[in-house]
Every structure is written in C-alpha cells, then in structure tokens.
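Undergrad: In terms of the working numbering, the sequence shown is numbered consecutively and its last residue is 458.
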Amino acid sequence: MNEKQYYPLTPAQEMIYLMLKYSFFHKQVTQIPASIIVKRKIDFDLLKKALDIEVERNDCLRMSFAKKHGKPVQSFSDKAVKFDVPVLTFKTKEEQENYFNADAQIPVKYLKNEIARFRFFNSFDGRYGIYINVFHLVMDASAVFTFFSDLLAIYEHLETGAPMPAPLGSFEETVKKELAYINNPERVKKDEEWFREFYTKDGEPIWNGVQGPGPLDKVRKKKPDKKYVAAFDPIHDKAELEKKPLSPEDSKIILDFMEKNGISGECLVQLGMRLHVGKINHRHDDTYFVVLCTRRRTLAEKRSGGSMTSILPWRLILPETLTFSEALDKMKAFQGDIFRHMDFPYNNYRALEGEYFGYGPADGSSTMMFSWFPLENSTMNGWEYEFNGYNLGRYVMPLYSYSMKDASSGGLKFAYLHRTAMISKEDIDSLHDNTVKALVAGCSNPDLTLGSIMDMID
1 MNEKQYYPLT
11 PAQEMIYLML
21 KYSFFHKQVT
31 QIPASIIVKR
41 KIDFDLLKKA
51 LDIEVERNDC
61 LRMSFAKKHG
71 KPVQSFSDKA
81 VKFDVPVLTF
91 KTKEEQENYF
101 NADAQIPVKY
111 LKNEIARFRF
121 FNSFDGRYGI
131 YINVFHLVMD
141 ASAVFTFFSD
151 LLAIYEHLET
161 GAPMPAPLGS
171 FEETVKKELA
181 YINNPERVKK
191 DEEWFREFYT
201 KDGEPIWNGV
211 QGPGPLDKVR
221 KKKPDKKYVA
231 AFDPIHDKAE
241 LEKKPLSPED
251 SKIILDFMEK
261 NGISGECLVQ
271 LGMRLHVGKI
281 NHRHDDTYFV
291 VLCTRRRTLA
301 EKRSGGSMTS
311 ILPWRLILPE
321 TLTFSEALDK
331 MKAFQGDIFR
341 HMDFPYNNYR
351 ALEGEYFGYG
361 PADGSSTMMF
371 SWFPLENSTM
381 NGWEYEFNGY
391 NLGRYVMPLY
401 SYSMKDASSG
411 GLKFAYLHRT
421 AMISKEDIDS
431 LHDNTVKALV
441 AGCSNPDLTL
451 GSIMDMID
C-alpha cells in the first residue's frame, strides 16, 4: 500500500490559516457558506448522483487535513467519499435564512474528516436550492462558483443527455506548483524587490477607517509612536452581514460604464468606497485596502477547485485634483502591476510592513478587505440562478465587503460583513450610500474631479 502523500500549506492557504490562528474561539471565519437558488425544477435524487460524480472529478473535495509536528498538512485521495446530503423544505423566507445563517456559524471540523457540508432544499418561494459550507483551505469563492457550475452541468448531462462538461483542473497540481514557487529563492526575491519599493516610495500608509478618525485618534493617545496605525482586536469579533441590493437604475449607470470603458469591479467599486472613507477622515487621499485576488491564470486553474485566492495590498494615493476617469486609469495601472507579483506570500509582505513600519501581528493600516465576485449570467452553466452568502457571525477583520452582479435581477448587490464592536450598522449604511452616490456621479460624468464628487456625498 502506498504511503499517503502529505503537502504543507501553500502561501495562499497559509494566509487563510493565519485567520484561523487569530480567531481564538470562533473557527467559522475560515469557511465559506453559500447557496444558489434556481427556478428550473431539480430532481434531488438525480442531483445526489451528480454530486457523487462531482466528487470524483473535483479533487479538492477529496482532500483531508492533519497536523504533523504541530503544523497543518493536506493530502488528496483517489477514493471518492459519498456526502450525506439532507433535502430540506422551507415555508418562509425567515425560516430559510435563519437555518442557513445558523449552519454558517457552525465550524467545519476539518481535522475530523469534515471538509464541507451540503444541503439541497425546496425554497420557500417554489424554487430549488443547493447549499455548501466548505472549509476555506479547500475552496475559495471562485472554487465555489466552479463547483456549482460543474454540478449543474453534470446534472444536465444525467437529466437530458447533454454532453458532460470539460474535465476540471487538478488542485493537487496547483499545490505542487505553488510550493515550487516558494522553494525558488530567485523568483521570491524578484517579487520581494517590487514589494520593498511599494512600501518605501510613499512612506507609512494612513489608516482611513469607515468609522471616521475617532478610533485612530484613540490609539494615538495610547501609542503616540504609532502615528498611522490602528490596533487589531482579536477578541471582540462578533460580526453581522449587511446585504444591500442596488436599484436597477443606479446599477445600469454603473454596469454600462464598466462595459463601455473596460473597467473592473475591483477598481470601480473600490474608488467609490475610497472617496467615502477619504472624506470622513479629514479628506485624506491615501487609502490602503486589501483586496482578494483569485490568482487563476491558466484554463486549468480557472476550471479548478481549491483555494488559490490571496490578499493583495492596494494602497493608492489619489489627489482630489484627479478626475474620476484619471483615478480609474491609475487604479487600473496599479492592478496590472501588482497582479504580476501576486504569488508573493501574504506572510512575507506582512513581514515587510513590520520591518519598515514596526507593525506587530495585531497592527495594521489597511482598513477593509474587499472582493469583486466575477459572477455573470452564464456563470452557472447557463442556468438562471440567484447566489447568496451567509453570515459567519464572527470575523477576523473589522470589515469585509464584496460586490457582484446579481444574475437574478440584472443589477448589482453589495454585502458587508462587519465587526459590530468596531463598526455600527450606521457606519455601513453611510459607506454604502456614499459609495453608490460617488459611483453614480463619476460614471455619469467621469470628468468630475474626485474633490467635487466628495463634495456631493454626505
């Protein structure tokens, strides 16, 4: 019998595992609870057969984890297990939301042979749903979307005889490739040089929080040497998820601008958020977010499960004299530049922040983590669908916001997972409302200066 092959965590997984390490009591911050709901009738017995086939195709669903010498390791099995999948029926929207929000807050026991939980369900409104709650070292958001899409394509093959979808890429091969990167000192050094210039060219970044300058001023009184840094609180991590759909009218203005000008959601939505936090923090033009990057380049990686996402530091100084269009050009150029170095490990660049700015593990200048989910109407193999995320109840960062196209409405929707001890619902309402105002104003007239747009928002 062959001995099981264990791999250490990749740099991307190490970043996620760090979140687990600093979530002292609440381990559900490192899992992804999500569902899709479709109008088309689903035979759940047939869908269970499709899931069995999906597990055979998708090697990240055949992963297991252990600890060796105190460190987490992972392995892949050739033998597919069958997941037990209950079929649920909900009578009301409240019952449905409460059930999945409750499950979202139950940790996935990854060291006890549980890497994911699945539920199929009859939605309260007559539609049909698929829910997954998966350990984040197994899947990132892109892998979740791939899972849903491939599962529906397999189901369609079983139901109608449609062709089987193309094979999925191997996550195990990606793991090998990522480990080879960190064992290549020349490649790591080349990326490190870029990050050293990134951190030194503009000095220490400024903390611009969605709460306004109050928390930073409080920290400065206690730690006057920490001029621009806000302390991280690992204990009071209770979080709420605020979901905010955008009106069809405002969505159309923004989406039409994106399509016409070839602007990514990462750049555009961030710009609106930056204008808000800049205005409420003494109109600082220096804002530092961290942005989740999918890091999928090849076709095999794009059609792969697994957790490849990594946090990239997006620090940009955007003077008020820039026009909306000029600011987006600057952001687009920066995006292209940092993406060329996106394999550089999160832990390594955090070490550089400590080296240059004296940050400890609980210090930082970044005030928000942001994601743009690349969901399109065609994402789920052409099925008409609605995507939903659920509330983890706890979170390691003060704020994680994400935005996406809403395939069911054709508009945009935003979500904000925020620490309630640090950020109030009113803070989120203000961030969202002013972000939308800034985006609508800038997309309607991209020649407006950033300063004039800030004057328009509250």
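Just so it is clear, CB atoms sit at the ideal spot from N, CA and C, and this is done for glycine as well.
1. At which residues does the alpha helix (DSSP H) containing I254 begin and terminate?
2. Return the CA-CA distance between Y385 and R220, expressed in angstroms with no decimal places.
3. When the distance is taken between beta carbons, is I423 closer than 8 Å to Y398?
4. How would you call P205, buried or exposed, if buried means at least 16 neighbouring beta carbons within 10 angstroms?
5. What is the DSSP secondary structure of Y385, counted as helix, strand or coil?
6. For the 8 Å Cβ check, are there 3 or more pairs between the segment 373-384 and the segment 232-242?
7. Assign W372 to one of three DSSP states: helix, strand, or coil.
8. Can you tell me the Cα-Cα spacing of S242 and Y416, whole angstroms?
9. V290 bridges to which residues according to DSSP?
10. Measure from the alpha carbon of F76 to the alpha carbon of each residue in E426, S123, R283 and P8, then state which is nearest.
11. By Cβ distance, which residues of its chain are closer than 8 Å to L322, with the 5 residues on each side in sequence left out?
12. For M1 and D59, I'd like the C-alpha separation in whole angstroms.
13. Going by DSSP, what residues sit across from K413 in a beta bridge?
14. For H418, does the three-state DSSP call read helix, strand or coil?
15. On the premise that R119 lies in contact with L152, defined as a C-beta separation below 8 Å, what is that separation, rounded to the nearest angstrom?
16. Taking 8 Å as the limit between beta carbons, can you name the residues of its chain near E192, skipping five residues before and five after?
17. Would you say N98 faces chain B, with C-beta separation under 8 Å as the test?
18. Under 8 Å Cβ to Cβ from M15, same chain only, skipping five residues before and after it: list those, please.
19. Give a yes or no on contact between the segment 33-45 and the segment 129-138, applying the rule of three or more CB pairs nearer than 8 Å.
20. Alpha carbon to alpha carbon, how far is E186 from P245? Give it in angstroms, no decimals.
21. Please name the residue, chosen from F124, P107 and S304, that lies closest to K91 on a Cα-to-Cα basis.
22. Locate the alpha helix (DSSP H) running through N348, then write down its first and last residues.
23. Are the CB atoms of N122 and Y390 nearer to each other than 8 Å?
24. For F120, which beta-bridge partners are listed by DSSP?
25. Can you give me the C-alpha to C-alpha distance between N261 and C267, rounded to a whole angstrom?
26. Quick test of your reading: G209 and S403, contact by CB under 8 Å. State the CB separation rounded to the nearest angstrom.
27. Tell me the rounded alpha-carbon separation between D286 and L275.
28. Considering P107, what are the terminal residues of the beta strand (DSSP E) in which it resides?
29. So, helix, strand or coil for R394, using DSSP?
30. Any idea if A407 is buried or exposed, counting beta-carbon neighbours within 10 angstroms, 16 or more meaning buried?
31. Would you tell me roughly how many angstroms separate the C-alpha atoms of A441 and I453, rounded to the nearest one?
32. Could you pull out every residue in the same chain whose Cβ sits closer than 6 Å to the Cβ of A421, ignoring the five residues on either side in sequence?
33. Below 7 Å CB to CB, which residues in the same chain sit around K4 once its five sequence neighbours on both sides are set aside?
34. With a floor of 4 residues, list each alpha helix (DSSP H) that falls wholly inside the segment 154-212, ordered by position along the chain.
35. Alpha helix (DSSP H) containing A438: first to last residue?
36. Taking 8 Å as the cut-off, decide whether the C-beta atoms of M19 and V396 are in contact.
TA: Per the coordinate set shown:
1. From DSSP, the alpha helix (DSSP H) with I254 extends over P248 to N261.
2. 48 Å
3. In the sequence as presented, Tyr is not what sits at residue 398; that position holds Pro. Inclusion of P398 and I423 in the CB contact set at 8 Å is warranted, their separation being smaller than that value.
4. buried
5. Here Y385 carries a strand assignment [DSSP, helix/strand/coil].
6. no
7. strand
8. According to the sequence as given, residue 242 is Glu; it is not Ser. Going by the C-alpha atoms only, they are around 5 Å apart.
9. P313 and M369
10. P8
11. K330, T449 and L450
12. Confidence at M1 is low in this model, with a pLDDT of 38, below 50, so its placement is unreliable and no value can be given for it.
13. P245 and M404
14. DSSP, read as helix, strand or coil, puts H418 in strand.
15. 16 Å between Cβ atoms; not a contact.
16. F344, N348 and L352
17. In summary, chain B is missing from the structure at hand, where a single protein chain is found.
18. S310, I311, P345, Y346 and N347
19. yes
20. Straight-line measurement puts the Cα of E186 at about 46 Å from the Cα of P245.
21. F124
22. Y346 to F357
23. no
24. V87 and I130
25. 12 Å
26. That pair is no contact at about 19 Å.
27. 10 Å
28. Run containing P107: none; DSSP gives neither H nor E here.
29. R394 carries a strand assignment under DSSP once its states are collapsed to helix, strand and coil.
30. Per the 10 Å Cβ criterion, buried.
31. 7 Å
32. Its chain contains H236 as the residues whose beta carbon lies nearer than 6 Å to that of A421, once the 5 sequence neighbours on both sides are disregarded; these appear in chain order.
33. The residues S75, in chain order, have a CB closer than 7 Å to that of K4 in the same chain once the five nearest residues on each side in sequence are set aside.
34. Qualifying alpha helix (DSSP H) stretches, in chain order: 171-182 and 185-200.
35. K425 to S444
36. With respect to V396, M19 sits close: the two C-beta atoms are nearer than 8 Å.
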